[in-house]
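Following: one structure in structure tokens, then a few remarks.
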Amino acid sequence: MTSSLEDYLQGQTAVSETHPTWQWQNNPLPLRQQTYVCPMLPPDELISSARAVLFRGDEVMVIHDHLNVPYIIPGGRREPGETVLETLQREMREETGWSVRDTAVIGCVHFQHLNPKPTGYPYPHPHFFWAIFAAQAVSLDAAAIEEDFYVTSASFKPIRKVATWNLGDGQNELLQTAMSILRRS
-13 MTSSLEDYLQ
-3 GQTAVSETHP
7 TWQWQNNPLP
17 LRQQTYVCPM
27 LPPDELISSA
37 RAVLFRGDEV
47 MVIHDHLNVP
57 YIIPGGRREP
67 GETVLETLQR
77 EMREETGWSV
87 RDTAVIGCVH
97 FQHLNPKPTG
107 YPYPHPHFFW
117 AIFAAQAVSL
127 DAAAIEEDFY
137 VTSASFKPIR
147 KVATWNLGDG
157 QNELLQTAMS
167 ILRRS
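The sequence shown runs contiguously to residue 171 in the working numbering.
Next comes the structure, spelled out in structure tokens:
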């Protein structure tokens, strides 16, 4: 582990830990996935994705994936040369159609590969992060939404309703943190 990664994780406690297995070019990628609530970004070179709990008034954006599982942290992969905030803006438009403002870092999801790096694997290894923000929706451009096999719907739902769901993977804790920031602004 690099010293910047060790420094970042020092003193933090994960609110969630799971062990998913992803696929990359027919290679199983077993991972350790930990969610942290924290107002600081992880080391920039390890951030592969930017995501946000997106609010509009007293509603929060809920995405349903291809298995109809709801989640509240839309976003996606960083492109070469992008800052984390540029990634967040682009991904929010592509996945939800909304531009965003008033962003605040609320946490991260830390992934650790449990197997050696596959030949040709172009992404950070063995550690990478999703940076998680709270954000306010500004304006909708439905034409900006890009079709995505993994996203079947994106819509705002009442916060009070979504807060009662068991979202898993630390999303409930991220929602509570984002709501506390929303109340302060």
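For every residue, glycine included, the Cβ atom is placed at its ideal position computed from N, Cα and C.
Just so you know, these numbers come straight off a predicted model, no measurement behind them.
Proximity winner among the options, relative to residue i (alpha-carbon distances)
i: Glu(-8); options: Asp44, His113, Asp51, Pro56; result: His113
i: Phe97; options: Val46, His50, Ser35, Arg87; result: Ser35
i: Pro56; options: Ile167, Gly154, Val23, Gln162; result: Gly154
i: Trp84; options: Tyr109, Thr21, Pro60, Gly67; result: Pro60
i: Pro25; options: Gln19, Val91, Glu31; result: Val91
i: Pro63; options: Val86, Pro14, Ala117, Tyr107; result: Rather than Pro, the amino acid found at residue 63 in this sequence is Arg. Here the closest residue by C-alpha is Ala117.
i: Asp134; options: Thr(-12), Ile49, Tyr22; result: Ile49
i: Phe115; options: Gly106, His99, Thr105; result: His99
i: Gly67; options: Glu31, Glu132, Thr105; result: Glu31
i: Ile174; options: Asn101, Gly93, Thr21; result: Residue 174 lies beyond the residue range present for the chain, which begins at -13 and ends at 171; the question has no answer from this structure.
i: Lys143; options: Gly156, Asn101, Val95, Ile58; result: Ile58
i: Tyr(-6); options: Tyr107, Pro29, Ile33, Glu65; result: Pro29
Alpha carbon of residue i to alpha carbon of residue j, nearest angstrom
i: Met47; j: Trp151; result: 14 Å
i: Ala128; j: Leu71; result: 21 Å
i: His52; j: Pro16; result: 21 Å
i: Thr138; j: Lys103; result: 31 Å
i: Ala164; j: Ser141; result: 18 Å
i: Arg178; j: Leu160; result: Lying before the first or after the last residue shown, residue 178 is absent from the chain, which here runs from -13 to 171.
i: Ser125; j: Glu45; result: 14 Å
i: Gln176; j: Arg146; result: This structure cannot speak to residue 176, because the chain is shown only from -13 to 171.
i: Thr73; j: Tyr109; result: 16 Å
i: Arg172; j: Ala0; result: The displayed coordinates of the chain run from -13 to 171. Any statement about residue 172 would go beyond what the structure contains.
i: Arg37; j: Asp88; result: 14 Å
i: Val148; j: Asn158; result: 9 Å
i: Ser(-10); j: Gln162; result: 28 Å
i: His111; j: Pro14; result: 14 Å
Sheet register partners of residue i (DSSP bridge)
i: Arg18; result: Gln98
i: Pro144; result: Glu45
i: Val137; result: Asp51
i: Asn13; result: Trp10
i: Thr4; result: Gln19
Cβ contact check for the segment 9 to 29 and the segment 73 to 81: 3 or more pairs under 8 Å: no
Sufficient close CB pairs (3 or more, under 8 Å) joining the segment 109 to 127 to the segment 35 to 44: yes
Secondary structure, beta strand (DSSP E): runs of 3+ residues fully inside the segment 20 to 68: 33 to 42, 45 to 51, 61 to 63
Residue ranges of each beta strand (DSSP E) within the segment 84 to 134, 3 or longer: 84 to 99, 113 to 126
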